[in-house]
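Engineer:
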Amino acid sequence: ETLGAMTVVCSDKTGTLTMNEMTVKAIITADCCYRVEGDSYEPQGRIFLEGSDEPVQVQPGTVLETWLRTIDLCNDSQLTQDERGLWG
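Per my numbering, the very first residue in the sequence shown carries number -13; after that it's consecutive.
1. Take G47 as the anchor and find which of T56, A(-9) and L(-11) has the nearest alpha-carbon.
2. Who are the Cβ neighbours of A12 in its own chain at under 6 Å, not counting the five residues just before and after it?
3. Using three-state DSSP, classify E51 as helix, strand or coil.
4. From the DSSP secondary-structure annotation, give me the bridge partner or partners of E35.
5. Assuming the contact rule is C-beta atoms closer than 8 Å, V44 and L35 should be a hit. Round their C-beta distance to whole Å, please.
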């Protein structure tokens, strides 16, 4: 019954078990598809409109900015750097 009420499913097939990491590789919104570039948990990377080689400049009030803000506010994870400089 609860499963039937779902409207969004997020899934990760690679990296979660083998590398113990879950990272975003794509964002699909109501108006666009984006690919996300970056490795591991390092706090760097870029977002591209699907089919473009130019990074997106996230603008306030857009669907993408609202999505990113929601993802930020709807979790309590923390990104830290260890003494070796590795992020986790």
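We treat Cβ as the ideally placed atom computed from N, Cα and C, and that holds for glycine.
Structural biologist: Concretely, from the data shown:
1. T56
2. R21
3. E51: helix per DSSP, three-state reduction.
4. Correcting the residue identity first, residue 35 is Leu in this sequence and not Glu. The partner list for L35 (beta bridge, DSSP) reads Y20.
5. A Cβ-Cβ distance of about 11 Å is found for the pair V44 and L35, leaving them out of contact under the 8 Å criterion.
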